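A.B. asks: Can you keep this structure in mind? I'll have questions shortly.
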Amino acid sequence: MSQVWEQMEATLPARAPWLWESFNPPASKDDLLSLQRAFDPIPVPPALLAYLARADGQRLEGIPPWLPSLDLGRLLSAREIIAEYQDLFTYVEDWQWSRRWLPISREGWWSAAVEMVDTRPAMVLNVSWPDAPSLRAPSLPALFAATLALVEDGLVPHPSSDEALVLNDPETYKVHLKRVETILQESYRAMWGTPPFPPGAAIDSAQWIQAWGGPTPPPWRV
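Here it is, written out as structure tokens:
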């Protein structure tokens with residue numbers, strides 16, 4: 033994560049300052065410790081801690097741009113991650129959200145999470161409601177590296193620029209999304225290894241892997 037973030041520091045201020053300026057200052061040591069204690073003995077992914085030590089999510093004020101390679105809401109701070117996780121289990125059931133998924137972004141129904149595992153790099157999931165979850169990226173470092181690739185390819189225009197306004201045309205936007213998806217696939221291809229599910233495919237809770245506490249079919253299918 034450190035290497036990827038150093039590349040972000042070197043690239044985004046010049047190529048996408050609006051995105052770079054959306055990140056909060058680093059999380060405090062106390063907030064990082066609280067995050068780890070909140071889930072002990074379940075391990076918080078080291079890459080998540082390393083990222084939060086560089087930027088504590090994205091600012092809440094205004095309308096911050098979503099991370100282009102994720103596109104699933106504003107990145108949460110360490111404190112917001114704890115609060116969001118605790119709030120989730122006041123209204124979701126175990127077959128809807130694994131206790132091994134840590135929310136990292138949220139905006140309305142859009143949401144992303146990272147696995148809490150310690151045997152391999154934690155994968156990033158699309159957990160937007162009400163769709164079934166799916167694999168979004170092979171790891172957090174891969175996710176940020178993919179954002180760099182999109183910026184360097186000129187696919188992250190300023191929200192109020194002419195390039196962004198052109199994307200309001202449905203056909204132009206469709207072409208843009210296809211280019212973005214192609215770059216993401218190329219960026220992730222060598223990093224996936226052997227994922228437990230096809231990236232992007234809906235994952236039934238009855239097929240959840242053991243690391244997520246699965247399988248966890250809904251009660252009416254037991």
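Taken in order, the sequence shown gives residues 33 to 254; the numbers are from this note's numbering.
Backbone N, C-alpha and C fix where the C-beta goes; we use that ideal spot for every residue, glycine too.
The structure presented is a predicted model; accordingly, all values stated were derived computationally and were not measured.
Can you tell me which of the three DSSP states Q35 falls into?
C.D. replies: Here Q35 sits in helix by DSSP.
A.B. asks: Entirely within the segment 193-230 and at least 4 residues each: give me those alpha helix (DSSP H) ranges in chain order.
C.D. replies: Within the segment 193-230, the complete alpha helix (DSSP H) runs of at least 4 residues are 194-198 and 202-220.
A.B. asks: With distances taken between CB atoms, is the gap from P135 to S143 smaller than 9 Å?
C.D. replies: Their beta carbons are under 9 Å apart, which means P135 touches S143 by this criterion.
A.B. asks: So, are the CB atoms of V156 and L172 less than 9 Å apart?
C.D. replies: For V156 and L172, yes; Cβs fall inside 9 Å.
A.B. asks: Along the chain, which unbroken stretches of the alpha helix (DSSP H) at least 4 residues long are found entirely within the segment 103-135?
C.D. replies: Fully enclosed alpha helix (DSSP H) runs of 4 or longer: 110-120.
A.B. asks: Is it true that the segment 178-188 meets the segment 44-58, where meeting means three or more beta-carbon pairs spaced less than 8 Å apart?
C.D. replies: Flag = yes, the segment 178-188 and the segment 44-58 touch.
A.B. asks: Would you mind giving the Cβ-Cβ distance between S66 and I114, rounded to the nearest angstrom? I have them listed as a contact below 8 Å.
C.D. replies: With 8 Å as the limit, S66 and I114 qualify as a contact, their Cβ atoms being about 7 Å apart.
A.B. asks: Between the alpha carbons of S34 and V159, how many angstroms are there, rounded?
C.D. replies: Cα to Cα, the separation comes out at about 26 Å.
A.B. asks: Can you round the beta-carbon distance between L64 and Q90 to whole angstroms, since I take them to be within the 8 Å contact cut?
C.D. replies: Contact doesn't hold; Cβ gap of about 17 Å is too wide.
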